[in-house]
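Engineer:
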Amino acid sequence: MHDDTTRLTRVLARKDVLALAFGAMIGWGWIVMTGNWIQSAGSLGAIVAFLLGGSVIVLVGLTYAELASAMPQVGGEHVYSYRALGHFASFLCTWAITLGYVSVVSFEAVALPTVVEHLFPGYAVGRMWTIAGWDVNATWVAVGVAGSVAMTWINYLGVRTAALVQKVVTLLILVVGIMFITGALFEGNTATLEPLFNVQEGVIGGIMAVIIMVPFMFVGFDVIPQAAEEIDLPFREIGRVLMISVILAVFWYALIILGTALMLDPSALAESSLAVPAAMQAVFQAPWAGNLMILAGIAGIITSWNAFYIGGSRAIYALAHAGMLPAFLARLHPKHRTPTNAILVMGLLSAIAPFFGRPALVWLVVAGGLGIVIAYLFVALSFVVLRRREPELHRPFRVRHGKTVGALSVLLSIALIGLYLPGSPSALSMAEWGIFAVWMLLGLAFYAWSRRRYGVAYSDTMMRRELEGESSSG
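For the sequence shown, position 464 matches number 454 in our numbering, and the numbering has no gaps at all.
1) When burial is assigned at 16 or more other CB atoms within 10 Å of the CB, is Gly173 buried or exposed?
2) Measuring only the C-alpha atoms, how far is Arg348 from Leu248?
3) Is it the case that the Cβ atoms of Phe387 and Gly229 are separated by a distance below 8 angstroms?
4) In whole angstroms, give me the CA-to-CA distance for Leu186 and Arg378.
5) Using DSSP with H/G/I as helix, E/B as strand and the rest coil, what is Met453?
6) Applying the 10 Å Cβ sphere with the 16-neighbour rule, what's the burial state of Gln190?
7) For Val115 and Thr182, what's the separation of their Cα atoms in angstroms?
8) In angstroms with no decimal places, state the Cα-to-Cα distance between Pro316 and Leu371.
9) Whole angstroms is fine: what's the gap from Met(-9)'s alpha carbon to Arg226's?
10) Please determine, among Tyr307, Leu309, Thr180, Asn281, the residue with the shortest C-alpha to C-alpha distance to Thr250.
11) Helix, strand or coil for Val126 per DSSP?
12) Can you check the stretch 45 to 111 for any alpha helix (DSSP H) of at least 4 residues that lies completely inside it and give the ranges in chain order?
13) Please report the straight-line C-alpha distance between Val446 and Ala308, rounded to a whole angstrom.
14) Below 8 angstroms between beta carbons: does that hold for Val64 and Leu10?
15) In chain order, what residues of the same chain lie with their CB nearer than 8 angstroms to the CB of Val131, ignoring the 5 residues before and after it?
16) So, helix, strand or coil for Leu315, using DSSP?
17) Give the straight-line distance between the Cα atoms of Arg385 and Ala58, rounded to the nearest whole angstrom.
18) Do Met314 and Tyr146 have their beta-carbon atoms positioned less than 8 angstroms apart in this structure?
19) Since Phe418 and Leu360 should fall inside the 8 angstroms C-beta cutoff, what is the C-beta to C-beta distance between them, to a whole number of angstroms?
20) Considering only the beta carbon of each residue, do Leu254 and Val166 sit closer than 8 angstroms?
21) Using the Cα positions of Ile16 and Ser294, report the straight-line distance between them to the nearest angstrom.
22) Which word fits Gln156, buried or exposed, when buried means at least 16 other C-beta atoms lie within 10 angstroms of its C-beta?
23) Taking the continuous beta strand (DSSP E) assigned at Met118, which residues delimit it?
24) Give me the residue from Arg73, Trp27, Gly19, Val126 with the minimum Cα distance to Leu383.
25) Could you tell me which residues DSSP pairs with Ile221 in its beta bridges?
Below, the structure is given as structure tokens:
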């Protein structure tokens, strides 16, 4: 059923892994949302929200870091939850996070033509149809499809190519970001930081309005465990690099908020559709600076898109390799050693996305966010269970105060899931619940078919081989 003559290869160095995770977390959202965050919570309130929300992600990230160093196999969550919670739990966990990955690659296919519109206003022509009150235009769709094809090709050629693209584009984001932050610190005015907190809406309420968004801005560090079998580092270092990437992202968001608040007063924030490019333009007093920041936003789209192609395709590959999805999804390219069929599935879903327009894709992203936080809960539970059941398990990156970290991670993951439930300000709409339900039912149908076709015993055998290091590919 699987060809064991091919192997995923360990080729990703430390800089590759750091760029992969950091680039995944720094997408397009900070370009669009920073002004809203400051207006909702105040300048200092928004920074506090990201520091508090980032602390939650750091705790969850610690559980990932320990498990990734202990079990550096492809699939990440799939492997940990299998070992701790069993066959079906492993499938649910991995299928849920795959929805998150699919939602991101689909949304980036919509984000790209949207940001191009800021550089070339009026380019979207050739109305095709209207979905959720939004006109889908042919040229707009073409840009999204072209981007999807390009990202599919990059990933098809191998993880080395994808990693090189990730490093170059992440470097561009960092250079522009450093230009902006240092310029704002010299040119900015502390008077524009007022109000520090949103007193009118309530200090706590304003901060909570931003914290709700924070976990989803940090989605992406979990790509490291998905690609763990392709990382050429001591296993302890995998955990360290994962944590460094999360901490860097916390500081990135906090400093971007600070720089924007130093350059734009509340009235300027209210007038600007894209606050960060407007603040960049104010730093250098030139339109080119704003356009350069928009290019950094495009770079963020590319890094996030690329990383989630890697994460999503490896999650699908891991499920197929274990006999939980059809076997053809576990095939590796004989030369490039990439899970080509899984990558093509991700590419197809990404290329279809622009045809649905922007509003419908927002529903998909929110539904995907629920899938991701469900996976966080499974990983936190796996961390707790394995600490109790297998205290002797070799953990190259061992988290201190494991019981406390594990318990907090479980509770905080449950709290994140609660944000999506009815009664929460960010509860899922009927359309979003529909997308989530259809995805999970589709997965259960695949699972039932694969279980009849291959059997649980086959999965158990493959997973044991994976955990014992006897097999690293399908």
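Yeah, the Cβ is synthetic: ideal placement off N, Cα and C, and Gly gets one too.
Structural biologist: With the structure as the only source:
1) Locating residue 173 in the sequence shown gives position 183, counting from the first residue. The residue is buried, with at least 16 neighbouring Cβ atoms inside 10 Å.
2) Here residue 348 refers to the residue found at position 358 of the sequence shown. Here residue 248 refers to the residue found at position 258 of the sequence shown. About 29 angstroms.
3) Start at 1 with the first residue of the sequence shown, and residue 387 comes out as number 397. Start at 1 with the first residue of the sequence shown, and residue 229 comes out as number 239. Yes, they are a contact pair.
4) Counted from its first residue, the sequence shown places residue 186 at position 196. Counted from its first residue, the sequence shown places residue 378 at position 388. Each residue's Cα considered, the two are about 45 angstroms apart.
5) Against the sequence shown, residue 453 aligns to sequence position 463. Helix at Met453.
6) Within the sequence shown, the letter at position 200 stands for residue 190. Answer is exposed; the Cβ neighbour count stays below 16.
7) On the sequence shown, residue 115 is found 125 positions in, with the first residue counted as 1. On the sequence shown, residue 182 is found 192 positions in, with the first residue counted as 1. Using only the alpha carbons, I get a separation of about 39 angstroms.
8) Within the sequence shown, residue 316 is the residue found at index 326, counting from 1. Within the sequence shown, residue 371 is the residue found at index 381, counting from 1. Cα-Cα distance, rounded: 28 angstroms.
9) As a working mapping, residue -9 is identified with position 1 in the sequence shown. As a working mapping, residue 226 is identified with position 236 in the sequence shown. Only weak support exists for where Met(-9) lies, its pLDDT of 40 falling under 50; the coordinates are left without a value.
10) For the purposes of this step, residue 250 is taken as residue 260 along the sequence shown, with counting starting at 1. Nearest option by C-alpha distance: Thr180.
11) Taking the first residue of the sequence shown as 1, we reach residue 126 at position 136. Val126 falls in the strand class under three-state DSSP.
12) 67 to 75, 77 to 109
13) Residue numbering aside, residue 446 sits at position 456 when the sequence shown is read from its first letter. Residue numbering aside, residue 308 sits at position 318 when the sequence shown is read from its first letter. Computed Cα separation, rounded: 15 angstroms.
14) Numbered from 1 along the sequence shown, position 74 holds the residue referred to as residue 64. Numbered from 1 along the sequence shown, position 20 holds the residue referred to as residue 10. No; because the gap between Cβ atoms is not below 8 angstroms, this pair is not in contact.
15) The residue given as residue 131 occupies position 141 in the sequence shown. Closer than 8 angstroms at the Cβ level, and outside the excluded window around Val131, lie Pro103, Met118, Pro344, Phe345.
16) Position 325 of the sequence shown, counting from 1, holds the residue named residue 315. Looking at Leu315 - three-state DSSP - the assignment turns out to be coil, as it is neither helix nor strand.
17) Start at 1 with the first residue of the sequence shown, and residue 385 comes out as number 395. Start at 1 with the first residue of the sequence shown, and residue 58 comes out as number 68. Roughly 9 angstroms separates the two Cα atoms.
18) To locate residue 146, count along the sequence shown from 1; it is residue 156. To locate residue 314, count along the sequence shown from 1; it is residue 324. No, they are not a contact pair.
19) Within the sequence shown, the letter at position 428 stands for residue 418. Within the sequence shown, the letter at position 370 stands for residue 360. Here residue 418 turns out to be Leu, not Phe, going by the sequence shown. The Cβ separation is near 7 angstroms, so the contact holds.
20) Residue 254 sits at position 264 when you count from the first residue of the sequence shown. Residue 166 sits at position 176 when you count from the first residue of the sequence shown. Their beta carbons are not under 8 angstroms apart, which means Leu254 does not touch Val166 by this criterion.
21) What you label residue 16 is simply residue 26 of the sequence shown in a count that begins at 1. What you label residue 294 is simply residue 304 of the sequence shown in a count that begins at 1. One C-alpha to the other measures close to 7 angstroms.
22) If you number the sequence shown from 1, residue 156 lands on position 166. By the neighbour-count rule (16 or more Cβ atoms within 10 Å), Gln156 is buried.
23) As a working note, residue 118 is residue 128 in the sequence shown. Element bounds for Met118: 117 to 121.
24) In the sequence shown, residue 383 corresponds to position 393, counting from 1. Answer by Cα proximity: Arg73.
25) Residue mapping note: residue 221 aligns to position 231 of the sequence shown, counting from 1. Note: Ile221 sits in a beta bridge opposite Leu2.
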